[in-house]
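Peer 1: Can you read through this structure? Questions will come right after.
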Amino acid sequence: QKEVEQNSGPLSVPEGAIASLNCTYSDRGSQSFFWYRQYSGKSPELIMSIYSNGDKEDGRFTAQLNKASQYVSLLIRDSQPSDSATYLCAVRRRSGGSYIPTFGRGTSLIVHP
Amino acid sequence: EAGVAQSPRYKIIEKRQSVAFWCNPISGHATLYWYQQILGQGPKLLIQFQNNGVVDDSQLPKDRFSAERLKGVDSTLKIQPAKLEDSAVYLCASSLVSQGQGTQYFGPGTRLTVL
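Chains as they are written, first to last, in our numbering: chain A, 7 to 119; chain B, 1129 to 1243.
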């Protein structure tokens, strides 16, 4: 079983709609959770981080975490064509005194005008 | 603040040749990561350093890959000998701390093609 699972997509939404991206993880000891955006040919850049159950909002982005269900999601409101990218879910698990990150394979999002 | 620097940006080699990548993290960042990203996949952690000590290298193919971080700053990743399946983008990232809330900042990556 893969440690971090994402649907590879593509997820296609019209401009102005809400895009919903989902991620599940297998390690119940995971401590922190991140969403990165990666444009084609570019490096990942951090969008959101979330550490406790519930919702966290930042502008058009909302991250949701449910540790009991081992599930983390990202909602993008008022989607724009510039949001078209691959969205990577990353999870950090504790190992000794450090935290080891694991990435999912990413979900490709296409926002069409 | 300067970002994570990597070189070279692109490298093309024949299989069985060797190659080395260099990374200079953001100044003051104690934790350094090397990832391999194959096309269509997420980044896979190869090795994580805390200062100049190895925190995790469980996914590093140690028969052909090696990495070091001299003086807890710059790092090099080497592949010897390279295989076709090593074709990927090699990403270096750094963070101020490795604890759960440390943000990782990625360099531009090195695109390796093995022919």
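Glycine is no exception: its CB is placed at the ideal position from the N, C-alpha and C atoms.
Here the structure is a predicted model, which means the values were calculated and not measured.
How far does the beta strand (DSSP E) with A/R99 in it reach, from first residue to last?
Peer 2: As a working mapping, residue 99 of chain A is identified with position 93 in the first sequence. Per DSSP, A/R99 belongs to the beta strand (DSSP E) from A91 to S101.
Peer 1: Taking B/D1184 as part of the beta strand (DSSP E), name the residues at either end of that continuous run.
Peer 2: Here residue 1184 of chain B is taken as the residue at index 56 of the second sequence, counted from 1. Here the beta strand (DSSP E) through B/D1184 covers G1181 to D1184.
Peer 1: Near A/Q76, what residues of its chain come up, given a Cβ to Cβ distance below 6 angstroms and the 5 sequence neighbours on each side ignored?
Peer 2: In the first sequence, residue 76 of chain A corresponds to position 70, counting from 1. Once the five neighbours on either side are set aside, the close Cβ partners of A/Q76 are T30 and Y31.
Peer 1: Answer yes or no: do A/L120 and A/Y93 have a C-beta to C-beta separation smaller than 9 angstroms?
Peer 2: Examination of residue 120 of chain A is not possible in this model, given that chain A is present from 7 through 119 alone.
Peer 1: Which residue or residues does DSSP assign as beta-bridge partners of A/G60?
Peer 2: For the purposes of this step, residue 60 of chain A is taken as residue 54 along the first sequence, with counting starting at 1. DSSP lists A/L71 as partners of A/G60.
Peer 1: According to DSSP, simplified to helix, strand and coil, what is B/K1139?
Peer 2: Taking the first residue of the second sequence as position 1, residue 1139 of chain B is located at position 11. Strand at B/K1139.
Peer 1: Given a cut-off of 9 angstroms, decide if B/P1209 and B/R1192 are closer than it, judged by their beta-carbon atoms.
Peer 2: Counting from one through the second sequence, the residue named residue 1192 of chain B turns up at place 64. Counting from one through the second sequence, the residue named residue 1209 of chain B turns up at place 81. Yes, they are a contact pair.
Peer 1: List the residues of chain A whose Cβ lies closer than 8 angstroms to the Cβ of B/F1234, in chain order.
Peer 2: Mapped onto the second sequence, residue 1234 of chain B falls at position 106. Going along chain A in sequence order, the residues near B/F1234 (Cβ under 8 angstroms) are S49, P50 and E51.
Peer 1: What residues in the segment 1169-1185 of chain B have a beta carbon less than 9 angstroms from any beta carbon of chain C?
Peer 2: The structure shown contains no chain C; the protein chains it does contain are A and B.
Peer 1: Taking only the alpha-carbon atoms, compute the straight-line gap between A/S104 and A/P119 and give it to the nearest angstrom.
Peer 2: Within the first sequence, numbered from 1, the residue matching residue 104 of chain A stands at position 98. Within the first sequence, numbered from 1, the residue matching residue 119 of chain A stands at position 113. The straight-line gap from Cα to Cα measures roughly 44 angstroms.
Peer 1: Using only CA atoms, which one of B/N1152, B/H1157 and B/G1168 lies nearest to A/G15?
Peer 2: Here residue 15 of chain A refers to the residue found at position 9 when the first sequence is read from its first residue. Of the candidates B/N1152, B/H1157 and B/G1168, the one whose C-alpha sits nearest the C-alpha of A/G15 is B/G1168.
Peer 1: Using a C-beta cutoff of 9 angstroms, does A/Q76 count as contacting chain B?
Peer 2: On the first sequence, residue 76 of chain A is found 70 positions in, with the first residue counted as 1. Judged by the 9 angstroms Cβ criterion, A/Q76 is not in contact with chain B.
Peer 1: Would you mind stating whether A/R91 and A/S114 have Cβ atoms separated by less than 9 angstroms?
Peer 2: Looking up residue 91 of chain A in the first sequence gives position 85. Looking up residue 114 of chain A in the first sequence gives position 108. According to the sequence shown, residue 91 of chain A is Ala rather than Arg. It is a contact, given that the beta carbons lie within the stated cut-off.
Peer 1: Kindly say whether A/Q12, judged by its beta-carbon, lies nearer than 9 angstroms to any beta-carbon of chain B.
Peer 2: Residue 12 of chain A sits at position 6 when you count from the first residue of the first sequence. Output row for A/Q12: interface = yes.
Peer 1: Taking Cβ-Cβ distances shorter than 8 angstroms, what residues in chain A pair up with B/G1237?
Peer 2: Position 109 of the second sequence, counted from the start, is the residue given in the question as residue 1237 of chain B. Result: S49.
Peer 1: Counting contacts by CB-CB distance shorter than 9 angstroms, is B/T1241 in contact with chain A?
Peer 2: Numbered from 1 along the second sequence, position 113 holds the residue referred to as residue 1241 of chain B. By this cut-off, B/T1241 is not an interface position.
Peer 1: Answer yes or no: do A/E11 and A/G110 have a C-beta to C-beta separation smaller than 9 angstroms?
Peer 2: Here residue 11 of chain A refers to the residue found at position 5 of the first sequence. Here residue 110 of chain A refers to the residue found at position 104 of the first sequence. Cβ atoms of A/E11 and A/G110: closer than 9 angstroms.
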